[in-house]
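Encoded as structure tokens, the structure appears first; notes follow it.
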Amino acid sequence: MMNKTMNTGNRFLDVFKRILVKFRDAGFGVKLIKNLPKLADYFNDRNVSLLGKGKVFFSFVATLIYFVFAIDIIPEALFGPIGFLDDAIMIIWMIGNISEELDKYKGPQDSDIRYSKKVYKDPNIIDDADYIIKD
805 MMNKTMNTGN RFLDVFKRIL VKFRDAGFGV KLIKNLPKLA DYFNDRNVSL
855 LGKGKVFFSF VATLIYFVFA IDIIPEALFG PIGFLDDAIM IIWMIGNISE
905 ELDKYKGPQD SDIRYSKKVY KDPNIIDDAD YIIKD
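Residues are numbered in my numbering as their position in the sequence shown, beginning at 1, plus a constant of 804.
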């Protein structure tokens with residue numbers, strides 16, 4: 805019985821450690837703020853996998869739902885200030901997940917495309933080609 809309790813505690817601490825490492829790698833939220841302008845390009849880019857887009861979307865929506873509904877893992881009413889710990893963990897988890905995905909994203913390769921309405925460049929189309937038609 806003692807081993808099962810220790811294994812459960814160790815698993816919880818491992819998950820918590822992974823969340824904190826992601827948050828540290830995200831520059832404690834600073835990288836997320838710097839990468840926010842890339843978010844629209846990220847979701848509009850056809851080269852980004854649906855799994856990555858889903859991870860970002862799910863992280864944001866899950867955190868939003870957790871804060872909108874009054875259900876807490878550690879309720880503030882019973883545990884006082886310690887009750888905010890689960891809220892902080894949710895925010896840290898969301899920042900870590902979104903920052904991790906946006907850090908992997910380099911954006912459209914051509915800077916002209918990045919600032920225009922067209923985000924995806926078809927590799928089969930040649931733009932700005934000069935040609936001469938001779939009769």
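We treat Cβ as the ideally placed atom computed from N, Cα and C, and that holds for glycine. Just so you know, these numbers come straight off a predicted model, no measurement behind them.
When the distance is taken between beta carbons, is residue j closer than 9 angstroms to residue i?
i           : j           : result
residue 824 : residue 906 : no
residue 899 : residue 886 : no
residue 896 : residue 842 : no
What are the boundary residues of the alpha helix (DSSP H) that includes residue i?
i           : result
residue 856 : 854 to 872
residue 900 : 889 to 908
residue 843 : 842 to 848
What is the rounded straight-line gap between the Cα of residue i and the Cα of residue j?
i           : j           : result
residue 845 : residue 894 : 25 angstroms
residue 794 : residue 811 : Look at the range of the chain in this structure, 805 to 939, and you will see that residue 794 is not part of it.
residue 869 : residue 863 : 10 angstroms
residue 884 : residue 856 : 36 angstroms
residue 882 : residue 813 : 22 angstroms
residue 875 : residue 848 : 34 angstroms
Which residue wins for smallest C-alpha separation from residue i, given the options the options?
i            : options            : result
residue 1002 : 820, 892, 902, 809 : Any answer about residue 1002 is impossible in this case: the structure gives the chain only from 805 up to 939.
residue 832  : 892, 858, 854, 860 : 892
residue 820  : 807, 933, 889      : 889
So, at 8 angstroms on beta carbons, what are the nonlocal neighbours of residue i in its own chain, with the 5 sequence-adjacent residues on each side left out?
i           : result
residue 858 : none
residue 808 : none
Using a Cβ-Cβ cutoff of less than 7 angstroms, which residues in the same chain neighbour residue i once the five nearest sequence positions on both sides are dropped?
i           : result
residue 909 : 842, 846, 852
Looking only at its own chain, which residues have a Cβ that is under 6 angstroms from the Cβ of residue i, when we skip the five neighbours before and after it?
i           : result
residue 860 : 902, 905
residue 829 : none
Step through the CB atoms of chain D and report whether any lies within less than 9 angstroms of the CB of residue i.
i           : result
residue 847 : Note that chain D does not occur in the displayed structure, where there is just one protein chain.
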